[in-house]
Amino acid sequence: MRYAMVIDTKKCVGCSDCVVACQTENKVPIGYARDWVVEVTDGTYPHLQMEIRSERCNQCGNAPCVRCCPTGSSHYSAGGIVLVRPRRCIGCGACITSCPYDARFPHPRGYVDKCTFCDHRIKEGNRPACVEVCPTKCMYFGNLDDPASEVSKLLRQRRYKTLIPEAGTKPHLYFLT
Ligand code: SF4
Ligand code: SF4
Ligand code: SF4
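Per this note's numbering: the sequence shown = residues 1 to 177.
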């Protein structure tokens, strides 16, 4: 089992419903976010292209945040999901510094927080909250080890990219381009 998220940048309209859904579902404290939307302009004038992306933790297969955590709080869970054990976290912030995607934040309760791929929902057979609410259905979630899964099919059929591949983190967030 290897969970992954595939996001279609051609369908994202930047509405931020994913951000609101995550904040509600995961009780993200005001002023912080587990996911966010970026708008990037590529190319040179007059051949400019705009890309809108919903971003979050990349659930890296080679995660620096796990390697650098001195207490084992940051760890790999089932399906390769990178999670934080709040009780073991001492709030040193090493993981925040090590993440090339700026995906973590210090929770006011004293531990570090980030996207969990909504593991509590997955365990009950539901999709992550952000995927569930997207009005343009531009986000897909599933098992990359299953060739018949929607995410596997999309990655066979479409062009895609990952973010900052040169960091060697083996991201599991794929952006269809
Ligand atoms: Fe860790 Fe950052 Fe990768 Fe998420 S995106 S697994 S927080 S290094
Ligand atoms: Fe580990 Fe917490 Fe330190 Fe992050 S802040 S490296 S999760 S102990
Ligand atoms: Fe938030 Fe869950 Fe989406 Fe991660 S998968 S950004 S925790 S709603």
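Glycine residues also receive a C-beta, built at the ideal position from the N, C-alpha and C atoms.
Quantities reported herein were computed from a predicted structural model and do not represent experimental measurements.
Proximity to residue i [Cα-Cα], best of the options
i	options	result
Pro100	Ala4, Arg34, Cys130, Pro171	Pro171
Arg2	Leu163, Ser149, Ile164	Ser149
Ile122	Lys137, Lys114, Arg104, Phe141	Phe141
Asn126	Ala63, Glu25, Leu176, Pro108	Glu25
Ala78	Thr177, Ala4, Ile164	Ala4
Arg159	Phe105, Gly168, Thr177, Ser16	Thr177
Glu132	Leu173, Asp145, Cys22	Cys22
Asp145	Thr97, Gly80, Val66, Tyr76	Gly80
Val178	Ala129, Thr136, Gly168	Beyond the ends of the chain as shown, which are 1 and 177, falls residue 178; an answer cannot be given.
Asp8	Cys57, Cys138, Gly168, Cys60	Cys138
Thr97	His107, Phe117, Pro64	Pro64
Reduced DSSP secondary structure (H/G/I, E/B, other) of residue i
i	result
Gly79	helix
Leu155	helix
Thr44	strand
Ser98	helix
Gln49	strand
Val84	strand
Asp17	helix
Arg56	strand
Residue i beta carbon near ligand 3 (any heavy atom closer than 7 Å)
i	result
Cys130	yes
Asp35	yes
Ala103	no
Residue i Cβ short of 7 Å to ligand 1 heavy atom set
i	result
Tyr111	no
Thr169	yes
Val82	yes
Own chain, CB closer than 6 Å to residue i, minus 5 neighbours either side, in chain order
i	result
Val6	Tyr140, Val151, Leu154, Tyr174
Gly43	Gln49
Contact test: residue i Cβ vs ligand 2 heavy atom, cutoff 7 Å
i	result
Pro70	yes
Residues near residue i in its chain [Cβ-Cβ closer than 7 Å; skip 5 each side]
i	result
Tyr111	Val84, Pro86, Cys89, Gly91
Lys202	No statement about residue 202 is possible, as the shown extent of the chain runs from 1 to 177 and does not include it.
Pro135	Cys15, Asp17
Beta-carbon proximity list for residue i, same chain, < 8 Å, skipping 5 on both sides
i	result
Leu163	Glu55, Asn58, Tyr101, Pro171, Leu173, Phe175
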